[in-house]
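Below is one structure, written out as structure tokens; the observations come after it.
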Amino acid sequence: MNEPHAGAAVITGATGGIGRWIALGLAASGYRLFIVGRDPARLGRARDWIAGRVPESRDRLITVQADLSLLAETAAAAAAIRAQAPSVGLLVNNAGTLQSRRVLTAEGHERTLAVNHLSPLVLTHALLPALLAQGGGARVVSVGSSTSDGAGIDPADLELAAGWRMTRAYARSKLALLMTQMTLAERLDPAQVAVNVVHPGMVATGLVREPGMVGLAWRLMAPFILSEREGADTPLHAALSPECAGLSGAYLKRRRPVPPNRRAVDPSLRAQVWTASRALAAPYLQPQD
Numbered sequence: 001m002n003e004p005h006a007g008a009a010v011i012t013g014a015t016g017g018i019g020r021w022i023a024l025g026l027a028a029s030g031y032r033l034f035i036v037g038r039d040p041a042r043l044g045r046a047r048d049w050i051a052g053r054v055p056e057s058r059d060r061l062i063t064v065q066a067d068l069s070l071l072a073e074t075a076a077a078a079a080a081i082r083a084q085a086p087s088v089g090l091l092v093n094n095a096g097t098l099q100s101r102r103v104l105t106a107e108g109h110e111r112t113l114a115v116n117h118l119s120p121l122v123l124t125h126a127l128l129p130a131l132l133a134q135g136g137g138a139r140v141v142s143v144g145s146s147t148s149d150g151a152g153i154d155p156a157d158l159e160l161a162a163g164w165r166m167t168r169a170y171a172r173s174k175l176a177l178l179m180t181q182m183t184l185a186e187r188l189d190p191a192q193v194a195v196n197v198v199h200p201g202m203v204a205t206g207l208v209r210e211p212g213m214v215g216l217a218w219r220l221m222a223p224f225i226l227s228e229r230e231g232a233d234t235p236l237h238a239a240l241s242p243e244c245a246g247l248s249g250a251y252l253k254r255r256r257p258v259p260p261n262r263r264a265v266d267p268s269l270r271a272q273v274w275t276a277s278r279a280l281a282a283p284y285l286q287p288q289d
């Protein structure tokens, strides 16, 4: 049984899918929980769904509206959270998207990369002072994907201007997320802020909302893969388990650290991806060495 938490936690992508179940677990653990999402109605329903199951959490659930495909809104959400919670004990970067065609955001970024990688990068860095203010034991958990295990990556073309395909864009965005989170883990004292990436398993979620054959194929697979509740298990383990205290720079599957894509541990390539990612998100990042 986990000890109850008195501090603040932040989660993205908690209006559905595994995020809703992760949020439920965090609320049940006693966190004051900031739920970040785009749609006010869905945020309200998620808050009510959690409060209906953990009634004592109702006054500890705060919704923050932001379109996480837009880095400006991501940074603004972080500022709003810090204004209400100067210290944060946990950040769960869960929001993700899988697009069937290449779409640019209003800020000019490829949308899959923006949601899956650039937004978590901005949010993590913007909340870093609050995580450090916790005074030790803070955690960052980012939801990755096993699709990254065999992915390639070109630091000069993270947004896949050439050769874009749905699965390639998704896998590369998750590999970029893994690489930058591992780099951040190396730069931080794990006793102060532990940074890990988890693969939740193949889960029947609403990640794929596309019409046509893509959406149909995903829905047909749903009975044969993990439920949303089951998919929340490893992220919650990384976020709450005493076993993960001080564990940092790990890639977890089924609660256990496993070797990542060999590219993720290539120091030169990882440094290039770090630099390229920060260049794309530069207007919304604090200067760092």
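Under the UniProt record's numbering, the letters of the sequence shown match residues 1 to 289, in that order.
By construction, the Cβ of each residue, glycine as well, lies at the ideal position given by its N, Cα and C atoms.
If you're wondering where the values come from, they're calculated on a predicted model, not measured in any experiment.
Anticipated Cβ contact below 8 Å, residue 190 with residue 246, distance rounded:
5 Å
Per DSSP, what are the beta-bridge partners of residue 199 in this structure?
253
Could you round the C-beta distance between residue 131 and residue 173 to whole angstroms and report it? I think they count as a contact, below 8 Å.
That pair is no contact at about 23 Å.
Can you give me the C-alpha to C-alpha distance between residue 188 and residue 257, rounded to a whole angstrom?
19 Å
Relative to the alpha-carbon of residue 195, which residue among 151, 230, 127 has its alpha-carbon at the smallest distance?
127
First and last residue of the alpha helix (DSSP H) that includes residue 52?
40 to 53
Contacting residues, own chain, Cβ-Cβ under 6 Å from residue 19 (five flanking each side not counted)
13, 94
Specify the secondary structure class of residue 110 as computed by DSSP and reduced to three states.
strand
Cutoff 6 Å; reference residue 224; Cβ partners in own chain excluding five residues on either side:
Residue placement at residue 224 is poorly supported in this model, since its pLDDT is 47, which falls under 50; the coordinates are not used for a value here.
What three-state label does DSSP hand residue 95 in the structure shown?
coil
Could you tell me the distance, in whole angstroms, from the CA atom of residue 259 to the CA atom of residue 250?
8 Å
Residues near residue 7 by beta carbon distance below 6 Å, same chain, minus five either side:
89
For residue 162, which option in 102, 69, 96, 54 has the closest C-alpha, if you only look at C-alpha atoms?
102
Determine the contact status of residue 15 and residue 46, defining contact as a CB-CB distance below 8 Å.
yes
Can you tell me which of 202, 124, 275 puts its alpha carbon nearest to the alpha carbon of residue 185?
124
Can you give me the C-alpha to C-alpha distance between residue 86 and residue 69, rounded to a whole angstrom?
25 Å
According to DSSP, what are the bridge partners of residue 193?
138
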